[in-house]
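J.: Residue numbers (the working numbering): 2 to 343. The beta-carbon is built from N, C-alpha and C at its ideal position, and this holds for glycine as well. Fair warning: this is a prediction, and the values are worked out from it, not measured in the lab.
1) Report back the beta-carbon spacing between residue 283 and residue 196 to the nearest angstrom; my notes put them in contact at under 8 Å.
2) Nearest to residue 279 by alpha carbon, out of 84, 288, 304?
3) Between the stretch 74-94 and the stretch 124-141, can you find at least three pairs of beta-carbon atoms closer than 8 Å?
4) Relative to the C-alpha of residue 285, which residue among 150, 129, 338, 96 is closest?
5) Check whether the stretch 40-57 touches the stretch 4-20, counting contact only when three or more Cβ pairs, one atom from each stretch, lie closer than 8 Å.
6) Is the Cβ-Cβ distance between residue 260 and residue 326 less than 8 Å?
7) I need the straight-line Cα distance from residue 332 to residue 301, nearest angstrom please.
8) Here's the rule I'm using: 16 or more other beta-carbon atoms within 10 Å means buried, otherwise exposed. How should residue 253 be labelled?
9) First and last residue of the alpha helix (DSSP H) that includes residue 345?
10) Counting only runs that start and end within the stretch 84-140, where is the alpha helix (DSSP H) found for 4 or more residues in a row?
11) Please classify residue 156 as buried or exposed, where buried requires at least 16 neighbouring CB atoms within 10 angstroms.
12) With three or more C-beta pairs closer than 8 Å as the rule, is the stretch 157-170 touching the stretch 98-110?
13) Out of 307, 242, 294, which one is the CA nearest neighbour of residue 274?
14) Using 10 angstroms around the beta-carbon of residue 95, count the other beta-carbons present and answer buried if the total reaches 16, otherwise exposed.
15) Is any heavy atom in the ligand PLP found nearer than 7 Å to the beta carbon of residue 319?
16) To the nearest angstrom, report how far apart residue 314 and residue 25 are at their CA atoms.
17) Beta-carbon within less than 7 Å of residue 292's beta-carbon, same chain only, minus the 5 sequence neighbours each way: which residues are those?
18) Starting from the N-terminal side, write out each stretch of the beta strand (DSSP E) that is 3 residues or longer and does not extend beyond the stretch 170-219.
19) Can you tell me which residues form a DSSP beta bridge with residue 326?
20) What's the gap between the Cα of residue 118 and the Cα of residue 194?
21) Pull up the distance between the alpha-carbon of residue 130 and that of residue 202, whole angstroms please.
22) Check each candidate in 181, 120, 276 and name the one with the smallest Cα separation from residue 214.
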């Protein structure tokens, strides 16, 4: 598999990386076998996070004998220096390594979060110190909010940006990528298949191949999925006229109720974490049932307080019927819990 330069990190990574969430759905032997298969087929970039259950441990177990041949990326959601440093130590332990190639500050979604991360004595400063000690080689960030991500890029502090990018969520190509390229940052595409909502993998990968400096990190659950994804990179092709027509049709069909997780609808007067409520159907496809339920239990409880005021709908830049979507997601959550004995 071809390699790509990951921005100013100068890390050379496989042009197709691997996201670590689906490994939570596999037992240890199955996950280790799959990760090893990915490596044997040329995948060298593996992205994970502590919040992804036992994903770090499974990746660490699978790759412990080839550490110098792979690039490991993980993250922290913790917003205080001491907590983030402690979590880094746990990640090093789980990944069975003494350094992380790319340590990302997870989900910087609003100005308050960005200010907190960069404040004196904050998370960024603590991680930079860990970098000087050799525990971290590069610091990046992830976000679902284009405006905040652009501001984070302009600080010049981060070596990479990870953002949702697929043919539905294609706005970054027009805005954020320019900011990242100006800073020579590596660009990582999370949710290249729309968080499991896009089943035309051929269109997804053909679309992504238009962006030579973008590294997608799809999740996989089987060797067959891996091999099929890699085929698209072994025989790349430009988007045809029919491909473009199909993309526009799917955009039209999904766009009416596709949450982009930008969080412009927040804050809710009732305290509902709208984006977390609307994430549930995607989580069901990516996590084991019990884990999906646990991740959404608190936001779904709060969703019961939704007053259907419509304030979120007015603020949504995509014109989505947000109150209806919250109600539908809550109903689906209840049905899913009942089905799984919760």
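T.: Let's see:
1) 4 Å
2) 304
3) yes
4) 338
5) yes
6) yes
7) 10 Å
8) exposed
9) The structure shown does not extend to residue 345, since the chain spans only 2 to 343, so no value can be given for it.
10) 112-119, 124-133
11) exposed
12) yes
13) 307
14) buried
15) Ligands displayed in this structure: none; no statement on the ligand PLP is therefore possible.
16) 34 Å
17) 25, 54
18) 187-191, 215-217
19) Partner(s): none; residue 326 has no beta bridge.
20) 29 Å
21) 41 Å
22) 181
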